[in-house]
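Undergrad: Note that the working numbering has the sequence shown beginning at 313, numbered continuously upward.
Below you'll find the structure I mean.
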Amino acid sequence: MAVGQRPVAYKQNPHRYFVFNKHGLPHPEMDPSTSNPAPKQKRRSYEAAFKLKVVSRAEKSNNSIASREFGVDEKQVREWRKMKADLEMIPKAKKARRGLTTPYGALETELHKWVMECHQNGYCVTRMGIRLRALQMAKDDKLKAPGIENFVASAGWCTGFMNRYGLCLRQRTKISQKLPKDLDEKVMSFHSFIIKQRKIHNYDLGDIGNMDETPMTFDLPSNRTVASLRNKTVLLRTTGNEKNHFTVVLSCLANGTKLRPVIIFKRKTLPKKVNFPPRITVRAHVKGWMDEDGTKKWLEEVWNGRPGAALKKKTSLLV
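Structure below.
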């Protein structure tokens, strides 16, 4: 192309054009080498298990062979060989080694062993239990470390400890009872019914009461325990009394007065020579629940014994 002539369009294929300047060179704005730059290669992170595998191969042969086989840079192989001892200490699934190291390494190692022993035996381990155990272990002379006299086992330290050793709170799940779809409508209808009945019969707040019986168990095992992230099953040991139950009857009045509770144990007779608290009523039943006879006794002893019931001859409302 002669000097001074206008740029001409050169058709390379039906879908792409390149523009040349007056010197016969591609135009800078339309240079194919700059119009579609090659994407930058993203940085990759590798797990500790992979790094140890590369290090093992490099030790058997050399760094160059290991880098070619695993597709990593030879410089990375050299760095991984230098930090082999640290890679063996961290979890195999961990990639980066970010964050400050703890100054209480010996204490945390023994504490982690204790957590694993409790987990294997099926004992429940909580975050508070870990913190209390750490404070107890900090007094051991064998686990002394610089600054351990100021160690308080805070909640933040506990979170860091669990992250360093791959621990988390595991919860036992169960199928919960689903609430009805028209729950709000039923509640509003019930409230309207109570308000209407009070207007009709002119009930006092002290004459409106609610009674409900609730089953209780002798053992309430925790649903959460500290366990490793890699464990698929979590074992929790209990006393075996989580299915042994008794019944508690609770009642209150609309003015906020709480009536005397009733406890019903599953047995034929009550034990002798046992002094129960005076403010509760204790009974025995073969099935351990409230039946028709128990309801009649409750009306005579608790409902008719509410404050002011003996002086009132008006009707009352029990829901």
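Note that CB positions come from ideal geometry on N, CA and C, so glycine has one too.
All of these numbers come straight from a predicted model, not from anything done at the bench.
Is the distance from the Cβ of K406 to the Cβ of E461 below 8 angstroms?
TA: No.
Undergrad: Is the Cβ-Cβ distance between I520 and L629 less than 8 angstroms?
TA: For I520 and L629, yes; Cβs fall inside 8 angstroms.
Undergrad: What did DSSP end up calling S347 once you bin it into helix, strand or coil?
TA: Here the model assigns S347 a pLDDT of 48, short of 50, so the residue's position is not dependable, and the following value carries that caveat. Three-state DSSP puts S347 in a helix.
Undergrad: Around the C-beta of N567, are 16 or more other C-beta atoms found within 10 angstroms, so that it is buried, or is it exposed?
TA: Counting Cβ neighbours within 10 Å, N567 comes out exposed, since fewer than 16 surround it.
Undergrad: If C576 sits next to W601, beta carbons under 8 angstroms apart, how far is it from one beta carbon to the other, in whole angstroms?
TA: Reading the sequence as shown, one finds Ile at residue 576 and not Cys. With 8 angstroms as the limit, I576 and W601 qualify as a contact, their Cβ atoms being about 7 angstroms apart.
Undergrad: From this set, D531, R355 and M401, which residue's C-alpha is nearest D385's C-alpha?
TA: Here the closest residue by C-alpha is R355.
Undergrad: If you run the structure through DSSP and keep just helix, strand and coil, what is T471?
TA: It is helical.
Undergrad: Give the secondary structure of V384 by DSSP, where H, G and I count as helix, E and B as strand, and everything else as coil.
TA: In the structure shown, V384 sits in coil (DSSP, three-state: anything other than H, G, I, E or B).
Undergrad: Per DSSP, what kind of secondary structure is A405 in: helix, strand or coil?
TA: Residue state, collapsed to three classes: coil.
Undergrad: State the Cα-Cα distance for the pair L623 and E612, rounded to the nearest angstrom.
TA: Spanning the two alpha carbons is a distance of roughly 15 angstroms.
Undergrad: Measure from the alpha carbon of A559 to the alpha carbon of each residue in L541, P527 and W469, then state which is nearest.
TA: Note on residue identity: the sequence assigns Thr, not Ala, to residue 559. The option with the nearest alpha carbon to T559 is P527.
Undergrad: Could you give the distance in angstroms between the alpha-carbon of D496 and the alpha-carbon of V561?
TA: Their Cα atoms are separated by approximately 26 angstroms.
Undergrad: With a threshold of 6 angstroms on Cβ separation, who are the neighbours of C480 within its own chain once the five nearest residues in sequence on each side are excluded?
TA: So the list reads L541, once near-sequence residues are dropped.
Undergrad: For I402 and S379, I'd like the C-alpha separation in whole angstroms.
TA: If you take the alpha carbons of I402 and S379, they lie about 23 angstroms apart.
Undergrad: In this structure, does DSSP put C430 in helix, strand or coil?
TA: Helix, per DSSP.
Undergrad: In angstroms, rounded to a whole number, what distance separates the CA positions of V427 and Q448?
TA: Their backbone Cα atoms lie some 14 angstroms apart in a straight line.
Undergrad: What distance in whole Å lies between the Cβ atoms of T545 and V574, which are believed to be in contact at a cut-off of 8 angstroms?
TA: The Cβ separation is near 41 angstroms, so there is no contact.
Undergrad: Just confirm the distance between the C-beta atoms of C430 and S534, as a whole number of angstroms; I'd bet it's less than 8 angstroms.
TA: 12 angstroms between Cβ atoms; not a contact.
Undergrad: Just to confirm my understanding: we take H513, look at its own chain, exclude 5 residues before and 5 after, and list those with CB closer than 7 angstroms. What are they?
TA: T627.
Undergrad: If you follow the alpha helix (DSSP H) that R536 is part of, which residue opens it and which one closes it?
TA: Note, R536: premise wrong, no alpha helix (DSSP H); beta strand (DSSP E) at R536 to S540.
Undergrad: I'd like the list of long-range same chain contacts for P415, defined as Cβ closer than 7 angstroms, with 5 residues on each side in sequence excluded.
TA: Answer for P415: A457, P458 and G459, listed in chain order.
Undergrad: Determine the direct distance from the alpha carbon of K454 to that of R443, and round the result to whole angstroms.
TA: Taking the straight line joining both Cα atoms gives about 19 angstroms.
Undergrad: Among the residues of its own chain, which have a CB less than 7 angstroms from the CB of N375, if the five just before and after it don't count?
TA: Excluding residues within five positions, the ones whose Cβ falls inside 7 angstroms are E386, V389 and R390.
Undergrad: Could you compute how far the alpha carbon of T346 sits from the alpha carbon of M474?
TA: Reliability fails at T346, whose pLDDT of 49 lies under 50, so the model's placement of it is uncertain and the value that follows must be treated cautiously. Straight-line Cα distance between these residues: approximately 50 angstroms.
Undergrad: Report the residue from K404, L419, I377 and V367 whose alpha carbon sits nearest the alpha carbon of K394.
TA: Closest option to K394, Cα to Cα, is V367.
Undergrad: Where DSSP assigns a beta bridge to I576, which residues make up the other side?
TA: According to DSSP, I576 bridges with T559 and R595.
Undergrad: Using a Cβ-Cβ cutoff of less than 7 angstroms, which residues in the same chain neighbour D524 once the five nearest sequence positions on both sides are dropped?
TA: Cβ within range, chain order: L562.
Undergrad: If you reduce the DSSP assignment to three classes, tell me which class M528 lands in.
TA: Here M528 sits in strand by DSSP.
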